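Structure, as structure tokens:
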Amino acid sequence: MFMYAFSIIIVVVSNMIYHICSKSVPEKANPFSSLFITYLTGVIVAAIAFRFYKSDKGFFESFDDLNWASILLGFAIVGLEFGYIMVYRSGWDISIGSLVSNILLALILIPVGIIFYKEGFNINKLLGIILCIIGLIFINKK
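Residue numbers for the sequence shown follow the numbering used here, beginning at 180 and rising by one.
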């Protein structure tokens with residue numbers, strides 16, 4: 180139960196920092212220079228964290244268990260981070276841009292979860308979808 184709650188706290192806190200930093204990248208800075216430093220920092224942090232993660236395998240052996248997803252995730256993360264930098268540069272408020280993108284993401288992932296991961300669907304999820312769409316309409320209404 181601890182990891183169930185702790186993991187979501189990590190995601191929320193990291194996401195908060197992520198959006199603040201994405202919005203704080205200087206307007207004149209090349210976004211890919213920013214991403215280069217971001218990933219360089221990430222490599223260093225991951226290398227240090229690797230030492231503390233309990234595993235039977237060494238550093239190089241641990242790569243044997245990976246598949247295509249790690250490579251595609253790299254492309255997706257660059258797209259995501261570049262996208263958010265541009266979202267904020269184009270004028271979205273930090274309180275709205277993230278909300279709109281996450282609601283749209285959730286709406287897209289519902290059929291993905293149902294079709295590819297055999298997740299359930301019920302009336303509560305339908306009501307949630309309807310409320311999300313209504314929320315998108317209201318939040319973007321000028």
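Note that beta-carbon positions come from the ideal geometry of N, C-alpha and C, so glycine has one too. Every value quoted in this text rests on a predicted model; they were computed, and no experiment measured them.
- In its own chain, leaving out the 5 sequence neighbours on each side, no residue places its CB closer than 8 Å to the CB of isoleucine 223.
- The Cβ-Cβ distance between proline 210 and isoleucine 264 falls below 7 Å.
- Nearest in C-alpha terms to asparagine 319, of all of Gly292, Ile293, Ser277, Phe181, is Ser277.
- Contact annotation: lysine 321 and tyrosine 267 have beta-carbon atoms that are not nearer than 7 Å.
- Under the three-state reduction of DSSP, glutamate 240 is assigned to helix.
- Bounds of the alpha helix (DSSP H) holding phenylalanine 295 are 273–296.
- For leucine 251, the enclosing alpha helix (DSSP H) starts and ends at 247–268.
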